[in-house]
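Down below is the structure, laid out as structure tokens.
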Amino acid sequence: MGASLATQINEIFERRATAGDRKLIVETYRQKFDQLLLTLPKEKRDTIAIKIQQFAVKIGGYISEYSARFSDYVRNVLIWPMAAASEEFPKDKYYQIELARAKAWGEFARDTTKTATAERMAYRDHFLPSAITGAEAGGIFGAVAGAMFAGVAKGTEIGFIAGGGLQGAAIGAAVGGALGGGTALLMGIKDRIIGPPVLYYSLFAGMGGSSININTGSNSLTNPAALAPK
Amino acid sequence: MDDIDEILTGIVTKVSGSKLSDTEKADVYASLAVGMRRLVWPILLSHIPEYLLKEATDGGHPFTVDDYAELIESALQNPATPKEIHEELINALREVDTLVSKAVS
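Just so you know, the protein sequences line up as chains Z and X, in that order. According to our numbering, numbering within the first sequence proceeds without interruption in unit steps and concludes at 583. According to our numbering, numbering within the second sequence proceeds without interruption in unit steps and concludes at 106.
Written out as structure tokens, the structure is:
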């Protein structure tokens with residue numbers, strides 16, 4: 354029996370990641386850099402928010418000639434270690450998903466034989482079952498997202514939104530159930546693979562306090578007003 | 002629809018409509034998500050001046066969020082870096098698309 358399709362896909366990316374001159378740099382620094390990302394000292398969320406905002410604008414300048422999807426993707430990948438360095442980054446399942454993403458180029462991804470690691474399972478859970486069956490196709494952008502958004506708006510359990518696991522919070526309310534099931538399903542899967550079209554951080558000063566919304570999506574970066582504290 | 006989105010749509014459409022089990026489909030999607038990120042960091046690191054990398058990883062001083070941002074920017078401000086990431090992503094996705102087409106046909 355040949356290797357599974359997923360394993361063959363892993364091998365394609367691994368081969369390309371370590372092609373040519375990159376092989377030596379990967380062998381030398383992969384683990385060290387991985388460790389650096391995972392041990393960044395914690396900072397207060399308001400401080401992190403400002404730093405992410407500045408970082409996102411700078412990155413946007415370097416990759417502005419490329420498509421919005423690519424720009425968002427690069428930002429999603431590169432901003433996460435900063436977001437996770439917030440003192441209040443939630444250690445919920447989304448943390449596990451993003452942890453898996455952060456470790457994607459490290460030991461986790463290189464090991465194509467184990468399927469039972471926490472990261473691997475978190476990632477698989479990320480795609481099962483709704484993104485595959487379409488059972489929550491509306492939920493990807495609608496009801497589930499709305500519930501998350503409401504929870505965040507109250508400044509309660511999830512005070513800090515970060516990344517792909519909560520993509521619905523960014524665009525859910527606006528898109529709602531407007532998309533058809535099949536289209537929404539494909540979009541939902543792609544968003545989960547790449548990251549959301551809009552990566553959205555909402556940092557709250559507390560119950561009833563003021564909030565700062567940092568929208569790092571490509572659209573917002575063309576509109577400085579969208580980055581201003583609200 | 003841009004190149005990356007277009008190729009990814011093709012792959013996801015084929016996998017979604019295939020006879021693979023839900024678990025197998027989830028593995029494929031997870032592999033795509035993981036794989037795409039695996040390409041970013043090595044390319045970035047290969048464009049960071051090595052003395053900066055050594056300085057960051059030698060443990061001589063605490064590595065902070067600010068250090069991280071500066072390190073990444075040192076790579077990205079070279080126009081060759083995002084170009085390489087973009088091209089590698091597209092080429093990898095095309096290879097995956099070919100593989101998936103054969104596997105699910």
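The beta carbon of each residue, even a glycine, is placed where N, CA and C say it ideally should be. Please read these numbers as outputs of a predicted model, since none were measured by experiment.
Residue Z:Phe423 holds the alpha-carbon nearest to the alpha-carbon of Asp3 of chain X among Z:Gln406, Z:Phe423 and Z:Ile547.
Sixteen is the threshold: when 16 or more other Cβ atoms of the shown chains lie within 10 Å of the Cβ of His87 of chain X, as they do, the residue is buried.
Under the Cβ criterion (8 Å, minimum of three pairs), the region 87–97 of chain X does not count as touching the region 428–443 of chain Z. Taking 8 Å as the cut-off, the Cβ atoms of Ala370 of chain Z and Pro43 of chain X count as close.
The beta carbons of Lys395 of chain Z and Ala70 of chain X sit no closer together than 8 Å. Contact check for Arg39 of chain X against Glu367 of chain Z passes: the beta carbons are separated by less than 8 Å.
Pairing Asp59 of chain X with Met540 of chain Z, the inter-Cα distance amounts to about 42 Å. Every candidate beta strand (DSSP E) stretch fails here, since none sits fully inside the region 371–434 of chain Z while reaching 3 residues. Beta bridge pairing from DSSP links Ser439 of chain Z with Z:Glu396. For Glu89 of chain X, the number of other beta carbons within 10 angstroms of its own is at least 16, and it is reported as buried. Closer than 8 Å to the CB of Tyr69 of chain X there is at least one CB belonging to chain Z.
In the three-state reduction of the DSSP assignment, Gly36 of chain X falls in the helix class, which pools H, G and I. Contact with chain X is found for Lys543 of chain Z, since one of that chain's Cβ atoms lies less than 8 Å from the residue's Cβ.
Not a single CB atom of chain X sits nearer than 8 Å to the CB of Ala402 of chain Z. Its Cα nearest to that of Val29 of chain X, the residue Z:Leu481 stands out among Z:Ile378, Z:Ile416, Z:Leu481 and Z:Ala436. The beta carbon of His62 of chain X does not come within 8 Å of any beta carbon belonging to chain Z, so the residue lies off that interface. Contact between Ala57 of chain X and Leu389 of chain Z holds, with the beta-carbon distance rounding to 6 Å and staying under 8 Å. Counting along the chain, His87 of chain X sits inside the alpha helix (DSSP H) bounded by residues Ala81 to Val105.
Put simply, the CB of Asp23 of chain X is near chain Z, with a gap under 8 Å to one of its CB atoms. With contacts defined by Cβ atoms closer than 8 Å, Ser47 of chain X and Arg398 of chain Z do not form a contacting pair.
Contacts with chain X at 8 Å (Cβ-Cβ) do not include Leu391 of chain Z. Counting every other CB atom within 10 Å of its CB across the protein chains shown gives Asp425 of chain Z a total of 16 or more, marking it as buried. For Ala70 of chain X, the uninterrupted alpha helix (DSSP H) run begins and ends at Val66 to Leu77, by DSSP. For Ala57 of chain X, the uninterrupted alpha helix (DSSP H) segment begins and ends at Glu51 to Thr58. Using a Cβ-Cβ cut-off of 9 Å, Ala409 of chain Z is close to nothing in chain X; its nearest Cβ partner there is about 10 Å away. Across the structure, Thr24 of chain X and Ser32 of chain X are spaced so that their CA atoms are roughly 12 Å apart. Using a CB distance cut-off of 8 Å, Ala359 of chain Z counts as an interface residue toward chain X. Contact between Leu9 of chain X and Ile546 of chain Z holds, since their C-beta atoms are separated by about 7 Å, short of 8 Å. For Ala438 of chain Z, the nearest CB of chain X lies under 8 Å from its own CB, placing it at the interface with that chain.
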